[in-house]
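Positions in the sequence shown are counted from 1; adding 894 to them yields the working numbering. Each residue gets a CB set at the ideal place from its N, CA and C atoms; glycine is no exception. If you're wondering where the values come from, they're calculated on a predicted model, not measured in any experiment. Only one structure is covered here, and it is reproduced in the block below.
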Amino acid sequence: MRHSPVVVAAAIAAAVVLPAGQAGAASGLRDLAAAKGVYFGTAATVSEWNDATYKALGAREANMLTPGNEMKWDTTEPSQGRFNFAPADSLVSAAVAANQRVRGHTLVWHSQTPSWVQNLGATALHQAMLDHINAEVGHYKGKLYSWDVVNEAFNEDGTRRQSFWQQKLGDGYIADAFRAARAVDPAAKLYYNDYNTDGIGAKSDAVYAMVKAFKQQGVPIDGVGLQAHLILGQVPSSMQQNIQRFADLGVEVAITELDVRMTTPSTSDKLATQASDYTKVANACLAVRGCVGITTWGLSDRYSWIPSTFPGEGAALPFDESFQPKPAYNSLYVAYGGTGNPPPPPPPPPGDKTCAATYAIVGQWAGGFQGEVRVTAGSAAISGWTVTWTFANGQTITSSWSAAITASGSAITANNVGYNGPVGAGGSTTFGFLGTWNGTNSAPSPVCTGR
Ligand code: G2I
895 MRHSPVVVAA
905 AIAAAVVLPA
915 GQAGAASGLR
925 DLAAAKGVYF
935 GTAATVSEWN
945 DATYKALGAR
955 EANMLTPGNE
965 MKWDTTEPSQ
975 GRFNFAPADS
985 LVSAAVAANQ
995 RVRGHTLVWH
1005 SQTPSWVQNL
1015 GATALHQAML
1025 DHINAEVGHY
1035 KGKLYSWDVV
1045 NEAFNEDGTR
1055 RQSFWQQKLG
1065 DGYIADAFRA
1075 ARAVDPAAKL
1085 YYNDYNTDGI
1095 GAKSDAVYAM
1105 VKAFKQQGVP
1115 IDGVGLQAHL
1125 ILGQVPSSMQ
1135 QNIQRFADLG
1145 VEVAITELDV
1155 RMTTPSTSDK
1165 LATQASDYTK
1175 VANACLAVRG
1185 CVGITTWGLS
1195 DRYSWIPSTF
1205 PGEGAALPFD
1215 ESFQPKPAYN
1225 SLYVAYGGTG
1235 NPPPPPPPPP
1245 GDKTCAATYA
1255 IVGQWAGGFQ
1265 GEVRVTAGSA
1275 AISGWTVTWT
1285 FANGQTITSS
1295 WSAAITASGS
1305 AITANNVGYN
1315 GPVGAGGSTT
1325 FGFLGTWNGT
1335 NSAPSPVCTG
1345 R
């Protein structure tokens, strides 16, 4: 068939205007997922989004965003009644700018919750939970797709996790949290979220029984999040059946934190197995009406929780550390109906002076500790950096090396000293300090700004 000159001219114009590789069929997973009536999302943190190349990749691939840490209690209410929504606000603004919706994560959890909460008596704890939900859900009212209201409340054998919530408040705290969240933002979908509930088993049976009971009792629950932190080659064979049984209860289901970890280094065999694992998960969700979307816990192996939690493991995400698509990405691309070549990784924006910071407690003793922060440059060299964080538990810094550190209350600012300002593309440097602590010494989330 011959094209009219007008059509040919339009095609040429489109080819010129669109970034290379995005003309024609090659768009990111978000568009493919949307065409199938589902979403594709990722988790990200403020610090990760400082890497402009990574943020651009997220904007191309994801139409749903989950703040990785910024909506958790240790950030949002570090001391009672003092709320800090600034880090999460910046992620929500970025999501709005990228036309992404947001999954709120998470309101009531045993982890990343300050000691002041854990130390309350039962009555005060119950009130603090309601106050926290009122404030945080209220702050984001009308802006979020969903909330993970309660996270990880069950043991592997299906009994309730004996967290401070459970021990002090008993079984009723989960329903109370859902009721409180619904009362504040009736539009947000309210989820229960957990791991190792991906296939049928004792733990998912317990969640199933709870959701069924909530539905019968009129407790407001809209969704179940299956985290899907999976191990290579171990996608549960009953995953689709499990998703289906939850959907049959009248709740939606989401895969909320997908990654597939392996022992590192990766090999082509392991990457092929991982690709088939990603296909299985995508197909299990796509096969069930009511499985509304998949979120991966990050996009690139450059930014993943796994190596620090499971030493010797990693390589769990669809893009490698250099943002190159792995076979797992191609699996998702095909599962979502993509044809032709997937889009190439986005080039680093010119002048992209970004960095990421990770915080580690390298030693701790009665009253004192030694901390170290690693600054890693993004895809371009930087000539200097500033790292900031907020201490949640009243820690102070008494001395430091390789950085100039100032404190304003609990807010810490660290600037490079002359000799360790320059960091090559993808390279890193560290600085350290001695500090004091009392009671709890939780590690903060540092934010890095490069120049
Ligand atoms: O652990 C993986 C995920 C399991 N399901 C719930 C998720 O919320 C959880 O996410 C991870 C974050 O990705 C990590 O970034 O939750 C971890 C804490 O349970 C987060 O790790 C923490 C480190 O433990 C801290 O030392 C660090 O200061 O991240 C903090 C901020 O970087």
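Cβ shell of residue i (< 6 Å), same chain only, five flanking positions each side left out
i: M965; result: A982, G998 and H999
i: S1339; result: N963
i: T1150; result: N1087, G1119, Q1121 and T1189
i: V1043; result: L1001, A1071, F1072, A1075 and L1084
i: A919; result: Per-residue confidence for A919 stands at a pLDDT of 37, beneath the threshold of 50, marking its modelled position as unreliable; the derived number appears in the next sentence. The answer, listed in chain order, is T1233 and G1234.
i: V1113; result: A1069 and F1072
i: T1161; result: none
i: D1214; result: D1195 and K1220
As assigned by DSSP and simplified to three states, the class of residue i
i: N1049; result: coil
i: A1274; result: coil
i: H1026; result: helix
i: L985; result: helix
i: S1336; result: coil
i: V996; result: strand
i: Q1258; result: strand
i: Y1227; result: helix
i: N1309; result: strand
i: R924; result: helix
i: L1143; result: coil
i: L1180; result: helix
i: F1213; result: strand
i: T1173; result: helix
i: V1101; result: helix
i: A1148; result: strand
i: S1198; result: coil
i: I1068; result: helix
i: P1008; result: coil
i: R1076; result: helix
i: L1001; result: strand
i: L1120; result: strand
i: V1317; result: strand
Bridge partner(s) assigned by DSSP for residue i
i: L1328; result: Q1264 and S1293
i: C1342; result: V1281
i: M958; result: G935 and R995
i: Y1253; result: V1267
i: I1125; result: R1155
i: L1084; result: W1041
i: K969; result: The question names Lys, yet the displayed sequence has Thr at residue 969. According to DSSP, which records beta bridges pairwise, T969 is partnered with nothing at all.
i: E942; result: DSSP output for E942 lists no bridge partner at all.
i: A1301; result: I1306
i: R1054; result: F1048
i: I1188; result: F934 and I1149
i: S1322; result: T1270
Beta-carbon proximity check, residue i vs residue j, cutoff 7 Å
i: E1030; j: T970; result: yes
i: L1014; j: A1082; result: no
i: D1195; j: A1209; result: yes
i: A1100; j: F1048; result: yes
i: L1063; j: V1105; result: no
i: A1166; j: P1221; result: yes
i: T1330; j: T1290; result: yes
i: S1293; j: L1328; result: yes
i: A1148; j: G1187; result: yes
i: L1193; j: T936; result: yes
i: Q1006; j: F1058; result: no
i: Q994; j: N957; result: yes
i: K1109; j: G1052; result: no
i: I1115; j: C1185; result: no
Nonlocal neighbours in the same chain, by C-beta distance under 8 Å from residue i, ignoring five residues either side
i: G1312; result: none
i: R1183; result: A1141
i: P1159; result: A1209
i: G1261; result: T1330, W1331 and N1332
Chain-order list of residues whose beta-carbon lies under 7 Å from that of residue i (same chain, five-residue window excluded)
i: N1309; result: T1280, A1297 and A1298
i: S1277; result: G1315, P1316 and R1345
i: C1342; result: S941, N944, C1249, A1250, A1251, V1269, W1279 and V1281
i: S1132; result: G1093 and I1094
i: A1286; result: D968, P972, P1008, S1336 and P1338
i: I855; result: A query on residue 855 cannot be resolved here, the shown segment of the chain reaching from 895 to 1345 and no further.
i: E1266; result: A1254, V1256, T1324 and G1326
Neighbour-count burial assignment, residue i, 16 or more Cβ in a 10 Å radius
i: R1345; result: exposed
i: N1332; result: exposed
i: P1008; result: buried
i: P1212; result: buried
i: R924; result: buried
i: R1155; result: buried
i: W1295; result: exposed
i: P1237; result: buried
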